[in-house]
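Novice:
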Amino acid sequence: MDQHLQVFITVVEKGNFSRAAEELHMTQPAVSQYIQAFERTMGTKLLDRTNKYVRLNKAGEIVYHHAKEIIGLYSKMHYLVDDLTNKTSGPLTIGASYTFGEYVLPHIIVNMKKEYPLITPSITIGNTKDIAELMLAHQLDIGIVEGDFNNKQLSIEPFAKDHLYVVASPKHRLAQLKDELSISDIAEETWIVRENGSGTREAAEKLFKLGKIAPKDLLEFGSTQLIKESVEAGLGIALLSDWAVRKDIENGALCKISIKNSTITRDFSIVLHSPFQTKALEVFLNMVKEK
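Per our numbering, residue -16 is the first one in the sequence shown, and the count goes up by one each step.
(1) Compute the beta-carbon to beta-carbon distance between V46 and F0, rounded to the nearest angstrom, for a pair I have assumed lies under 8 Å.
(2) Less than 7 Å between the beta carbons of I247 and L164, yes or no?
(3) Write down the C-beta distance between S105 and I77 rounded to the nearest angstrom, noting that I regard them as a contact closer than 8 Å.
(4) Label K262 either buried or exposed according to how many other C-beta atoms from any shown protein chain fall within 10 Å of its C-beta, with 16 as the threshold for buried.
(5) Assess contact between the segment 155 to 175 and the segment 197 to 216, defined as three or more Cβ pairs (one per stretch) separated by less than 8 Å. Is contact present?
(6) Please classify S138: is it buried, with 16 or more other beta-carbons within 10 angstroms of its beta-carbon, or exposed?
(7) Taking all protein chains shown into account, decide if G84 is buried (16 or more other Cβ within 10 angstroms of its Cβ) or exposed.
(8) Drop a sphere of 10 angstroms on the beta-carbon of D162, count the other beta-carbons inside from all chains shown, and report buried for 16 or more, exposed for fewer.
(9) What do you reckon, are the CB atoms on S224 and L147 nearer than 7 Å?
(10) With which residues is G78 paired in a DSSP beta bridge?
(11) Identify whether D168 lies in helix, strand or coil by the three-state DSSP scheme.
(12) Could you give the first and the last residue of the continuous beta strand (DSSP E) run that contains I220?
(13) Could you tell me if V(-10) is buried or exposed, where buried requires 16 or more neighbouring beta carbons within 10 angstroms of its beta carbon?
(14) Do T103 and P141 count as a contact pair if the criterion is CB distance below 7 Å?
(15) Have a look at T10 and N134 and give me their C-alpha separation to the nearest angstrom.
(16) Where are the beta strand (DSSP E) runs, 3 residues long or more, that stay fully inside the segment 172 to 234, in chain order?
(17) Is DSSP giving E273 helix, strand or coil here?
(18) Could you have a look at S58 and say whether DSSP puts it in helix, strand or coil?
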């Protein structure tokens, strides 16, 4: 059955039978036979076909979603069994929210590859909400998220604290002020924030609530790097992680704005779905916790 699922997934993702056949190193008639047999097993058509493409119908959408989960679990089962007798190796699918994924994770991966070259990591970067959804769909072995996150279906373990700071361009008028500011002093500034669902956006909302302010000029960008570039260019100010701005502050591209009683911290948390761990995942977990 796993072969039928794999053929079905490949046809859907490639968009037609010929490209799927090429990907699977099969003939097109063989791919068609697999799909027909699979549809008979499911008791209904799963694909709408034309000469140029195939598309999922409503039943197909349900089957595709669960097929991805089944294949992921099936592969994980094989690697867990294989780990009992072989060296630490195999694929490791990692999901991380932007701050950890872009500024911390690369250093961990470098060290892991030096010590365990047979592990092949695959990394997905998204906001906390995106990573949680992929974990629930069994598309990731591990997720690392930021901020206050809870889900009864997932195991969530905070492992590190992250400090966030208000930053501005060195040329910004706030950067010229030597006195410590109150949060109300920066309420009228243009704030550049991440999208809803982001841990960094959650932290900014916490700061606004703490200072009882409601910034009127709010720009929403979907990338921490884009926010940093925009702040450096003088477009506005932002609340960003120490990990994200450390180098920029050291080289003078950004500067911290000192705000009274505005210490904002959040947790980085490890998210797991299954109690069973491959050796590759165990190795990665240990390295994350030692970081």
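Backbone N, C-alpha and C fix where the C-beta goes; we use that ideal spot for every residue, glycine too.
From a predicted model like this one, the values you see are computed outputs, not experimental measurements.
Specialist: Taking the definition as stated:
(1) Start at 1 with the first residue of the sequence shown, and residue 46 comes out as number 63. Start at 1 with the first residue of the sequence shown, and residue 0 comes out as number 17. Not really, about 17 Å apart at Cβ, beyond 8 Å.
(2) For the purposes of this step, residue 247 is taken as residue 264 along the sequence shown, with counting starting at 1. For the purposes of this step, residue 164 is taken as residue 181 along the sequence shown, with counting starting at 1. No; because the gap between Cβ atoms is not below 7 Å, this pair is not in contact.
(3) Residue mapping note: residue 105 aligns to position 122 of the sequence shown, counting from 1. Residue mapping note: residue 77 aligns to position 94 of the sequence shown, counting from 1. That pair is a contact at about 7 Å.
(4) By one-based count along the sequence shown, residue 262 stands at place 279. Per the 10 Å Cβ criterion, buried.
(5) yes
(6) Within the sequence shown, residue 138 is the residue found at index 155, counting from 1. By the neighbour-count rule (16 or more Cβ atoms within 10 Å), S138 is not buried but exposed.
(7) On the sequence shown, position 101 is the one that residue 84 refers to. Flag for G84 reads buried.
(8) As a first step, residue 162 is located in the sequence shown; it is residue number 179 there, counting from the start. Exposed.
(9) Taking the first residue of the sequence shown as position 1, residue 224 is located at position 241. Taking the first residue of the sequence shown as position 1, residue 147 is located at position 164. In this structure, L147 lies closer than 7 Å to S224 by Cβ.
(10) The residue labelled residue 78 in the question sits at position 95 within the sequence shown. BP columns for G78 point to T107, G126.
(11) Residue numbering aside, residue 168 sits at position 185 when the sequence shown is read from its first letter. In this structure, D168 counts as helix in the three-state DSSP scheme.
(12) Looking up residue 220 in the sequence shown gives position 237. It is not in any beta strand (DSSP E) - I220 carries neither H nor E in the DSSP assignment.
(13) For this step, residue -10 is matched to residue 7 along the sequence shown. Buried, by the Cβ-count rule.
(14) Along the sequence shown, read from residue 1 onward, the residue named residue 141 stands at position 158. Along the sequence shown, read from residue 1 onward, the residue named residue 103 stands at position 120. No, Cβ-Cβ distance for P141 and T103 is not below 7 Å.
(15) Counted from its first residue, the sequence shown places residue 10 at position 27. Counted from its first residue, the sequence shown places residue 134 at position 151. Straight-line Cα distance between these residues: approximately 44 Å.
(16) 174 to 176, 201 to 203, 221 to 224
(17) To locate residue 273, count along the sequence shown from 1; it is residue 290. The answer is helix: DSSP assigns E273 an H, G or I state.
(18) As a working mapping, residue 58 is identified with position 75 in the sequence shown. Three-state result, S58: helix.
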